[in-house]
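Trainee: Take this structure first; my questions come after.
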Amino acid sequence: MEFETIIGLEVHAQLKTSSKLFCGCPTEINVEPNSNICPVCTGQPGVLPVLNRKVVEYIIKTAVALNCSINKKSIFARKQYFYPDLPKNYQISQYEFPVCEHGFLEITLNESKKKIGITRIHLEEDAGKLLHAIGSRELDYSLVDYNRTGVPLMEIVSDADLRSPEEAYEYLSALKNILEYLEVSDCNMEEGKFRCDANISLRPVGQKEYGVKTELKNMNSLSGVRDALKYEVVRQSENLGSGQKIVQETRLWDAETKSSRSMRSKEEAHDYRYFPEPDLLPINLDENFIEGLKKTLPELPKQKFNRFVKEFGLSEYDAKVITADKYLADFYENALKEASKEVSVGDASKPIANWLTTELMGKLNASNKTIKESAVSSKNLAELVCLIIDGTISGKIGKTVFEEMMGTGKDPSAIVKEKGLVQISDQAAIKKLCGEAVLENPKAVEEFRAGKERALGALVGAVMKKSKGKANPQLVNEILQKLLGK
Numbered sequence: 002m003e004f005e006t007i008i009g010l011e012v013h014a015q016l017k018t019s020s021k022l023f024c025g026c027p028t029e030i031n032v033e034p035n036s037n038i039c040p041v042c043t044g045q046p047g048v049l050p051v052l053n054r055k056v057v058e059y060i061i062k063t064a065v066a067l068n069c070s071i072n073k074k075s076i077f078a079r080k081q082y083f084y085p086d087l088p089k090n091y092q093i094s095q096y097e098f099p100v101c102e103h104g105f106l107e108i109t110l111n112e113s114k115k116k117i118g119i120t121r122i123h124l125e126e127d128a129g130k131l132l133h134a135i136g137s138r139e140l141d142y143s144l145v146d147y148n149r150t151g152v153p154l155m156e157i158v159s160d161a162d163l164r165s166p167e168e169a170y171e172y173l174s175a176l177k178n179i180l181e182y183l184e185v186s187d188c189n190m191e192e193g194k195f196r197c198d199a200n201i202s203l204r205p206v207g208q209k210e211y212g213v214k215t216e217l218k219n220m221n222s223l224s225g226v227r228d229a230l231k232y233e234v235v236r237q238s239e240n241l242g243s244g245q246k247i248v249q250e251t252r253l254w255d256a257e258t259k260s261s262r263s264m265r266s267k268e269e270a271h272d273y274r275y276f277p278e279p280d281l282l283p284i285n286l287d288e289n290f291i292e293g294l295k296k297t298l299p300e301l302p303k304q305k306f307n308r309f310v311k312e313f314g315l316s317e318y319d320a321k322v323i324t325a326d327k328y329l330a331d332f333y334e335n336a337l338k339e340a341s342k343e344v345s346v347g348d349a350s351k352p353i354a355n356w357l358t359t360e361l362m363g364k365l366n367a368s369n370k371t372i373k374e375s376a377v378s379s380k381n382l383a384e385l386v387c388l389i390i391d392g393t394i395s396g397k398i399g400k401t402v403f404e405e406m407m408g409t410g411k412d413p414s415a416i417v418k419e420k421g422l423v424q425i426s427d428q429a430a431i432k433k434l435c436g437e438a439v440l441e442n443p444k445a446v447e448e449f450r451a452g453k454e455r456a457l458g459a460l461v462g463a464v465m466k467k468s469k470g471k472a473n474p475q476l477v478n479e480i481l482q483k484l485l486g487k
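Everything in the sequence shown is counted per my numbering, starting at 2 for the first residue and increasing by one.
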């Protein structure tokens, strides 16, 4: 029997505000435990929450970018449950009346486009963090850090439109990219600023009803989500194929063993006993407020991709790689702007893209670093490309200079001057070197004159060796062909 995979994703993105959702405490959590807390976020008697205006602006921007309808009136609700890191014993969230609903995000996979529905986007506060100290029986205990309590979250719930782990990966990548471009979230998964829970079920091909779903948690990377979903597809298909039933449960993903394990069964949906939050007024939005925020939206990834292809002549592959990271796209545009002071944009756009995606990102990826940690600035990369374009150095020497730039962060012009790497473009000097190469390599000369064009490469290589890589390769080619009567 063949099965169809049904996947829906719930993403919690921490909003990039300086203060928490309902109080003035800082949102920085990597500090001394319980140092960024106050009576409001720890739920002390008699306190009242006050809504952070910035989070409303951020969720509306996100709604516009994700093609959602925006509810003019939305209501906060109390979600009741007891857990040690939830000091109020309830979480302020939204239930029946979220800020945004019914949107979509278009993804591209294997050159095919598909719209993934967005069920809703709503605001809620984060809980704290438990720290477990496990030792002997007498020393087993847990500590709680409330620094994260009250940090603003935006929950983005997709429709069950995803049909494979690969589609889920593309959806999350595109969503993360949009939030970074909007600058509403840092989306750092390792720090818990972009968390994803995945619901997955299988059903026989052709069946309309959904199968029994399981919920996957504890995935701290996009590839981790994809791996967990792949594992679950195999596990569920094997169980269904052998006649076993799928249990509705929550499962934890173990990245080390590449497997999931049962955390708790969910035979019934939790009754959180939602009711409207009595201490907060409804959010009432007017059209002018919404329209004003729409005008502040930056250029989004899809728009930037189209512009890079049309305006800069990049291939769709290069444009996709560069615009997939906001900081990488900014780096590229800054480098191109610097280069345009010396050469034309048309001459610089593709070489800068090549150096950025191949050389620079290759080195950074090998060192597990991001573009924000690059020792080579956008200005210096532009300068290196200009030195190659204007013939000051060859592309081969450029790689030597680049290695030095990565190690020291120095300007390329300074490195070229210090090491005497200026390209030789003097025709008389190159003609002398070419003459020597012809005399020293009679076999290559004979093969070239016999019609073997590739033999010229051996002669060019000989000249470059004599010049220690400094001879202008184009001039070397031209002069050799003249000497050999071509």
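All C-beta atoms, glycine included, are put in the ideal place defined by N, C-alpha and C.
Looking at residue 166: is its Cβ nearer than 7 Å to the Cβ of residue 230?
Mentor: yes
Trainee: Along the chain, which unbroken stretches of the alpha helix (DSSP H) at least 4 residues long are found entirely within the stretch 51–113?
Mentor: As far as the stretch 51–113 is concerned, its whole alpha helix (DSSP H) runs of at least 4 residues are 54–66.
Trainee: What distance in whole Å lies between the Cβ atoms of residue 6 and residue 19, which are believed to be in contact at a cut-off of 8 Å?
Mentor: Contact flag wrong, Cβ pair sits at about 41 Å.
Trainee: Look at the Cβ atom of residue 333, then the Cβ atom of residue 373, and state whether they are nearer than 7 Å.
Mentor: no
Trainee: Does the pairing of the stretch 246–254 with the stretch 208–217 give three or more beta-carbon distances under 8 Å?
Mentor: These segments touch.
Trainee: DSSP three-state label for residue 126, please.
Mentor: strand
Trainee: Quick one: residues in its chain with C-beta nearer than 7 Å to the C-beta of residue 221, no 5 flanking neighbours on either side, listed in chain order?
Mentor: 190, 191
Trainee: Between the Cα of residue 485 and those of 468, 457, 409, spot the shortest distance and give me the residue it belongs to.
Mentor: 457
Trainee: Starting from the Cα of residue 1, find the closest Cα among 12, 35, 59, 400 and give me that residue.
Mentor: Given that the chain is displayed from residue 2 to residue 487, the structure contains no residue 1 and the question cannot be resolved.
Trainee: Measure the alpha-carbon distance for residue 88 versus residue 164 and round it to whole angstroms.
Mentor: When rounded, the distance between both Cα atoms is 39 Å.
Trainee: Could you please give me the residues that DSSP links to residue 119 through a beta bridge?
Mentor: Bridge partners of residue 119: 104, 159.
Trainee: Run through DSSP, which three-state label would residue 23 get?
Mentor: Annotated three-state conformation of residue 23 is coil, per DSSP.
Trainee: According to the Cβ coordinates, are residue 352 and residue 386 closer than 7 Å?
Mentor: yes
Trainee: Please return the same chain residues whose Cβ sits closer than 8 Å to the Cβ of residue 118, not counting the five positions on each side in sequence.
Mentor: 103, 104, 105, 159, 160, 162
Trainee: Restricting to runs no shorter than 4 residues, where is the alpha helix (DSSP H) found entirely within the stretch 411–448?
Mentor: 413–420, 428–441
Trainee: Alpha carbon to alpha carbon, what distance is there between residue 365 and residue 309?
Mentor: 23 Å
Trainee: Do you know offhand how far residue 156's Cα is from residue 361's?
Mentor: Spanning the two alpha carbons is a distance of roughly 35 Å.
Trainee: Does residue 241 come out as helix, strand or coil in the three-state DSSP assignment?
Mentor: helix
Trainee: DSSP beta-bridge partners for residue 260?
Mentor: 255
Trainee: Tell me whether the beta-carbon of residue 405 lies closer than 7 Å to the beta-carbon of residue 416.
Mentor: yes
Trainee: Determine the closest residue to residue 107 out of 68, 296, 298, 74, with distance taken between C-alpha atoms.
Mentor: 68
Trainee: With H, G and I counted as helix, E and B as strand and the rest as coil, what does DSSP make of residue 6?
Mentor: strand
Trainee: So what does DSSP say about residue 218, is it helix, strand or coil?
Mentor: strand
Trainee: Is it buried or exposed for residue 132, if we count other Cβ within 10 angstroms and need 16 for buried?
Mentor: By the neighbour-count criterion, in which a residue is buried when 16 or more other Cβ atoms sit within 10 angstroms of its Cβ, residue 132 is exposed.
Trainee: Name the residue from 233, 325, 291 whose alpha carbon lies nearest to the alpha carbon of residue 302.
Mentor: 325
Trainee: Assign residue 331 to one of three DSSP states: helix, strand, or coil.
Mentor: helix
Trainee: Can you give me the start and stop residues for the beta strand (DSSP E) that residue 149 sits inside?
Mentor: From DSSP, residue 149 is part of no beta strand (DSSP E); its letter is neither H nor E.
Trainee: Short of 8 Å in beta carbon distance, which residues of its chain neighbour residue 314, apart from the five on each side in sequence? Order them along the chain.
Mentor: 347, 350, 351
Trainee: With a threshold of 6 Å on Cβ separation, who are the neighbours of residue 265 within its own chain once the five nearest residues in sequence on each side are excluded?
Mentor: 251
Trainee: When you compare the CB positions of residue 66 and residue 201, do they come within less than 7 Å of one another, or not?
Mentor: no
Trainee: Taking the beta carbon of residue 84 as the centre, do at least 16 other beta carbons fall within 10 Å, making it buried, or is it exposed?
Mentor: exposed
Trainee: Please classify residue 354 as buried or exposed, where buried requires at least 16 other C-beta atoms within 10 Å of its C-beta.
Mentor: buried
Trainee: Looking at the structure shown, is residue 337 part of a helix, part of a strand, or coil, going by DSSP?
Mentor: helix
Trainee: Which residues bound the alpha helix (DSSP H) around residue 481?
Mentor: In the DSSP assignment, residue 481 falls within the alpha helix (DSSP H) that extends over 474–484.
Trainee: Between the beta-carbon of residue 35 and the beta-carbon of residue 146, is there less than 7 Å?
Mentor: yes
Trainee: Between residue 431 and residue 480, which are expected to be in contact by the criterion C-beta below 8 Å, what is the C-beta distance as a whole number of angstroms?
Mentor: 6 Å
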